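Presented below is the structure to which this report refers.
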Amino acid sequence: MNSPSALIIEGGAMRGIFSAGLLDVFIEKDFYPFDFCYGVSAGASNAAAYLGGKVGRNYKVITDYCRRPEFKSVRRFLMGGHLIDIDWLWDVTERDLDIGLDAIAAKKTRFFVVMTEADTAEAHYIEPTSEELFQAIKCSANMPIAFKNRVSFRGHDWLDGGVADSLPVAEAYRQGARKIVVVRSNPSTYRKQAYRLRALFPYLLKQYPAVARRLQQRHAEYNQALDFIRNPPDDCEVVEVCPPESFVAGQFTTDLDILNDAYAMGREEGDKLITCWAEALV
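Numbering (this note's numbering), first residue to last: 7 to 288.
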């Protein structure tokens, strides 16, 4: 019997264009070998579209909707509002772009959305129902400071899943996965540094002191996850898929040429992974 396998999709806001490209190739090739799928922040939206079989959905979200002034506005932020308007983005994309709820429900793959509980700053790995899916993904993408509104789910307030667990490899292993594919949003040489303005977090997040503390140590936890990826337990194989060093898309990149290049990089890596997976089965 084959060991359980897991797919992990990292977030990263506009950097998610890389995993959008990779996952579009997976859909086109009908590549669904995974027992578990974990999506974090933007990665949760990309993972849902993958499981729903919706080629191009999140390419359009990132290259169209996320580049509109209704979504991101520095002027609005400087006047005390949102830098990014998650409410607007979710309302309009849920209305305009089918995500394939029936197909997601029919998949054998168990889908977990990674979210950070606002009061405790602890990671939760939620397996939402079809009716809960959009709200769960919205919670996972709720960037602290950048979005001002509370986002609630099952009686609690939630923030971006990347606050507490950007790369949930240890959770996938705990759940029994022994072959884990991690799709990252940065080149392989990237290791997270401490935030330069981390001393301001207690002031900026006065309503969520646990989250402020968690963000101050986020770099250490992120790099611990990288260490797990590079040195997994003896009974576990981890395949790390990263953009090449030429990848320049950033968290808030809106340059369409850069985004298209990053999407193409993701597609190329998707083809490579499918080939390697097939060869490993021979």
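Don't be surprised by glycine CBs; every beta carbon is placed ideally from N, CA and C.
Predicted model, so just to flag it, every value in this text is computed and none were measured.
Contact test: residue i Cβ vs the ligand COA heavy atom, cutoff 7 Å
| i | result |
| --- | --- |
| Gly167 | Among the ligands in the structure shown, none appear at all, so the ligand COA cannot be discussed. |
Residue i, DSSP secondary structure in three states
| i | result |
| --- | --- |
| Gly22 | helix |
| Phe117 | strand |
| Ser51 | helix |
| Val3 | With the chain covering only 7 through 288, there is no way to say anything about residue 3. |
| Glu76 | coil |
| Thr260 | coil |
| Thr69 | helix |
Reference residue i; option with closest CA among the options
| i | options | result |
| --- | --- | --- |
| Leu29 | Lys60, Ser9, Phe42, Val46 | Lys60 |
| Leu232 | Arg190, Pro250, Asp263 | Arg190 |
| Tyr214 | Lys154, Ile110, Tyr228 | Lys154 |
| Cys145 | Val46, Met20, Thr259, Ser9 | Val46 |
| Ser11 | Ala178, Phe32, Ala255 | Ala178 |
| Leu265 | Ser252, Gly276, Ala170 | Ser252 |
| Val67 | Leu103, Pro75, Asp36, Ala54 | Leu103 |
| Arg202 | Arg81, Ala48, Arg224 | Arg224 |
| Thr115 | Val80, Phe37, Phe234, Trp94 | Phe37 |
| Arg63 | Pro75, Ile105, Asp41 | Ile105 |
| Glu34 | Ala55, Ile92, Phe42 | Ala55 |
Residue burial classification, residue i (beta-carbon count within 10 angstroms, cutoff 16)
| i | result |
| --- | --- |
| Ala124 | buried |
| Met7 | Only weak support exists for where Met7 lies, its pLDDT of 49 falling under 50; the coordinates are left without a value. |
| Pro150 | buried |
| Val31 | buried |
| Met121 | buried |
N-terminal and C-terminal residue of the beta strand (DSSP E) that residue i is part of
| i | result |
| --- | --- |
| Gly45 | 42-46 |
| Leu13 | 11-15 |
| Val244 | 243-247 |
Boundaries (first-last residue) of the alpha helix (DSSP H) holding residue i
| i | result |
| --- | --- |
| Leu89 | Neither: Leu89 is in no alpha helix (DSSP H) and is coded neither H nor E. |
| Ile235 | 224-236 |
| Val175 | 175-180 |
| Ile186 | Unbroken run through Ile186 is the beta strand (DSSP E), 185-189; no alpha helix (DSSP H). |
| Ile110 | 107-112 |
| Tyr196 | Premise fails: Tyr196 is in no alpha helix (DSSP H) and is neither H nor E. |
- Just list the beta strand (DSSP E) runs in the segment 129-168, keeping only unbroken ones of 3 residues or longer that don't cross its boundaries, in chain order. 129-132, 162-165
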